[in-house]
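In my numbering, the protein residues as written are 70 to 378. Ideal Cβ placement from N, Cα and C applies to all residues, glycine included. A quick note: this is a predicted structure, and the numbers were derived from the prediction, not measured. Remarks on the structure that follows.
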């Protein structure tokens, strides 16, 4: 997928930037640039996905020099060992030892430079026992294997889900693909169309919003980082897709009957896609006005809305 001129792959609930002209990367991922082409994604989807460092061919120090650990092998070569269960485990030979790697990283390294070997060099367990195990190559965030890509022509809708309970150490992020929203058709009548400001083309306000029955209304904003513990601004999210900022003072919270400790964390990159309503505060309620402003930002869809539009 593309955003702001860069190309990304979405996998495992995260996004990783790639260089589509790097054939070692695209081949290892399972992408065929002549057959597959990226689609553009929205800022809301982009911001809602945690990011990894870019996926690129790892730079191996002293690559190509003779190894002092495995005679006849070169630094940067991929080694293969048989596991007790009959499977294969891959390693990359580094100047100071060997590092365990995934099959994806093994393919990536060999696609960039196999040092003339048609297959990874098979080593016996005793070779690994007498070679230091290191973790100096930063590849822990790379995929475990080749990715299976979604046919976006058949399944054009992509959704990101962010969930974090009060006792969870980190949020659970998932990505869903399909022909429409991942909700029953009976929910179509609850979809609300938000009236966006055409004078602000860069607006991140959603086109449509659906608040499911039983969804949390009282939330506190946090960053999009899955391990974020911050509890920042308070909001009340209404069923028609409007977020109302709540003043975090004792008088306001007491008047509304709200306990800030009960607010559920919600990532700001997703929370800001709801239409912004007026602030809820004691001072605002006591302010005398000769006119009452209207939100003018939401319109209920009286006909069945098309999911994923």
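How big is the Cα-Cα spacing for residue i and residue j?
{"i": "residue 369", "j": "residue 177", "result": "Because residue 369 sits at a pLDDT of 37, beneath the cut-off of 50, its placement in the model cannot be relied upon, and the following sentence gives the value as read from the coordinates. Roughly 50 angstroms between the two C-alpha positions."}
{"i": "residue 383", "j": "residue 121", "result": "Outside the shown range of the chain, which is 70 to 378, sits residue 383, and nothing can be said about it."}
{"i": "residue 93", "j": "residue 76", "result": "15 angstroms"}
{"i": "residue 213", "j": "residue 297", "result": "25 angstroms"}
{"i": "residue 195", "j": "residue 166", "result": "14 angstroms"}
{"i": "residue 289", "j": "residue 211", "result": "32 angstroms"}
{"i": "residue 315", "j": "residue 304", "result": "5 angstroms"}
{"i": "residue 119", "j": "residue 70", "result": "15 angstroms"}
{"i": "residue 172", "j": "residue 155", "result": "15 angstroms"}
{"i": "residue 133", "j": "residue 185", "result": "11 angstroms"}
{"i": "residue 81", "j": "residue 100", "result": "17 angstroms"}
{"i": "residue 235", "j": "residue 110", "result": "30 angstroms"}
{"i": "residue 153", "j": "residue 175", "result": "20 angstroms"}
{"i": "residue 347", "j": "residue 217", "result": "45 angstroms"}
{"i": "residue 157", "j": "residue 192", "result": "11 angstroms"}
{"i": "residue 351", "j": "residue 317", "result": "10 angstroms"}
{"i": "residue 113", "j": "residue 342", "result": "7 angstroms"}
{"i": "residue 277", "j": "residue 254", "result": "15 angstroms"}
{"i": "residue 220", "j": "residue 98", "result": "15 angstroms"}
{"i": "residue 324", "j": "residue 349", "result": "10 angstroms"}
{"i": "residue 91", "j": "residue 74", "result": "16 angstroms"}
{"i": "residue 104", "j": "residue 135", "result": "39 angstroms"}
{"i": "residue 239", "j": "residue 251", "result": "23 angstroms"}
{"i": "residue 306", "j": "residue 215", "result": "40 angstroms"}
{"i": "residue 233", "j": "residue 241", "result": "6 angstroms"}
{"i": "residue 47", "j": "residue 272", "result": "With the chain represented from 70 up to 378, any question about residue 47 goes unanswered, as that position is not in the structure."}
{"i": "residue 228", "j": "residue 302", "result": "25 angstroms"}
{"i": "residue 237", "j": "residue 291", "result": "14 angstroms"}
{"i": "residue 283", "j": "residue 320", "result": "27 angstroms"}
{"i": "residue 327", "j": "residue 163", "result": "57 angstroms"}
Leaving out five residues on either side along the sequence, give the residues of the same chain with a beta carbon under 6 angstroms from the beta carbon of residue i.
{"i": "residue 222", "result": "none"}
{"i": "residue 333", "result": "285 and 288"}
{"i": "residue 84", "result": "77, 118 and 120"}
{"i": "residue 115", "result": "72"}
{"i": "residue 206", "result": "127 and 168"}
{"i": "residue 138", "result": "200"}
{"i": "residue 300", "result": "289"}
{"i": "residue 313", "result": "305, 346 and 349"}
{"i": "residue 366", "result": "Bear in mind that the predicted position of residue 366 carries a pLDDT of just 45, short of 50, making it unreliable; the figure below should be weighed with that in mind. 264 and 344."}
Do the CB positions of residue i and residue j come within less than 8 angstroms of each other?
{"i": "residue 161", "j": "residue 126", "result": "no"}
{"i": "residue 168", "j": "residue 198", "result": "no"}
{"i": "residue 274", "j": "residue 188", "result": "no"}
{"i": "residue 124", "j": "residue 87", "result": "yes"}
{"i": "residue 263", "j": "residue 293", "result": "no"}
{"i": "residue 231", "j": "residue 336", "result": "yes"}
{"i": "residue 142", "j": "residue 179", "result": "no"}
{"i": "residue 329", "j": "residue 340", "result": "no"}
Using a Cβ-Cβ cutoff of less than 7 angstroms, which residues in the same chain neighbour residue i once the five nearest sequence positions on both sides are dropped?
{"i": "residue 170", "result": "159, 160, 161 and 208"}
{"i": "residue 308", "result": "280"}
{"i": "residue 201", "result": "165 and 166"}
{"i": "residue 79", "result": "70, 118 and 244"}
{"i": "residue 373", "result": "For residue 373, the predicted structure reports a pLDDT of 33, less than 50, and the residue's modelled location is therefore unreliable. The matter cannot be settled from this model."}
{"i": "residue 224", "result": "246, 247 and 248"}
So that I know if they touch, is there some Cβ in chain C lying closer than 8 angstroms to that of residue i?
{"i": "residue 348", "result": "In the displayed structure, chain C is absent; only one protein chain is listed."}
Between which residues of its own chain and residue i is the CB-CB distance below 8 angstroms, once the five residues before and five after are set aside?
{"i": "residue 89", "result": "76, 95, 100, 102 and 107"}
{"i": "residue 357", "result": "In this prediction, residue 357 scores a pLDDT of 48, lower than 50, which makes its location untrustworthy; the coordinate-derived value is nonetheless stated afterwards. Once the five neighbours on either side are set aside, residue 357 has no close Cβ partner at all."}
{"i": "residue 182", "result": "132, 133 and 145"}
{"i": "residue 364", "result": "Any reading at residue 364 must be qualified, since the residue scores a pLDDT of 44, below 50, and its modelled position is unreliable; the value itself is stated next. Excluding positions up to five away in sequence, the list reads 311, 344, 346 and 347."}
Exercise. Going along the chain, which unbroken runs of the alpha helix (DSSP H) with 4 or more residues stay wholly within the region 116-190?
Worked result: 172-181
For this session: Go through the region 248-325 residue by residue and report every complete run of the alpha helix (DSSP H) that reaches 4 residues or more, in order.
Result: 319-325
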